[in-house]
Amino acid sequence: MPDSAEQLQRLYLAGFELQTFERYPKCIGVRRENCVALLVPGVDGLQVLGTPGWRMGDVMGVLTEREGRKVFQAKSEIVEATPERIEALRKFGDELKDLLHEDSGRPEP
-7 MPDSAEQLQR
3 LYLAGFELQT
13 FERYPKCIGV
23 RRENCVALLV
33 PGVDGLQVLG
43 TPGWRMGDVM
53 GVLTEREGRK
63 VFQAKSEIVE
73 ATPERIEALR
83 KFGDELKDLL
93 HEDSGRPEP
């Protein structure tokens, strides 16, 4: 099983910011620029809770569709989900998963 401390160190060294959220006391927030994800301990080390989203102040907006257009929404607050933002979020999620599972293929010593 991956060591959570090692996973967090890899994320930090790769330029991700770590933070806590009062609203989610059992989660660790991981952020880069405006992309954010929540991590929780799991059987395979830290795992992404749900899907990454867009940082909107102190909350995370989820990608959704409203009136036929893609937006990031957190309660009543809405931010346009431009192609650039969607691509940034996709890259963020891919890199985050790669870093979290970097040790998965290594044999036990």
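Reminder that position 33 of the sequence shown reads as 25 in the numbering used here, one-by-one numbering, no gaps. The C-beta atom is built at its ideal place from N, Cα and C for all residues, glycine as well. Please read all numbers here as calculations on a predicted model, not as lab measurements.
Judged by DSSP in its simplified three-state form, Phe84 adopts helix. Per DSSP, the unbroken beta strand (DSSP E) holding Ala29 starts and ends at 27 to 34. With a beta-carbon spacing of about 21 Å, Leu5 and Cys19 fall beyond the 8 Å limit used to define contacts. In this structure Val28 is buried. Its beta-carbon is surrounded by 16 or more other beta-carbon atoms within 10 angstroms. In the three-state reduction of the DSSP assignment, Glu94 falls in the coil class.
For the pair Arg23 and Glu9, the CB atoms are nearer than the 8 Å cut-off. In the DSSP assignment, Arg15 falls outside any alpha helix (DSSP H) and carries neither an H nor an E.
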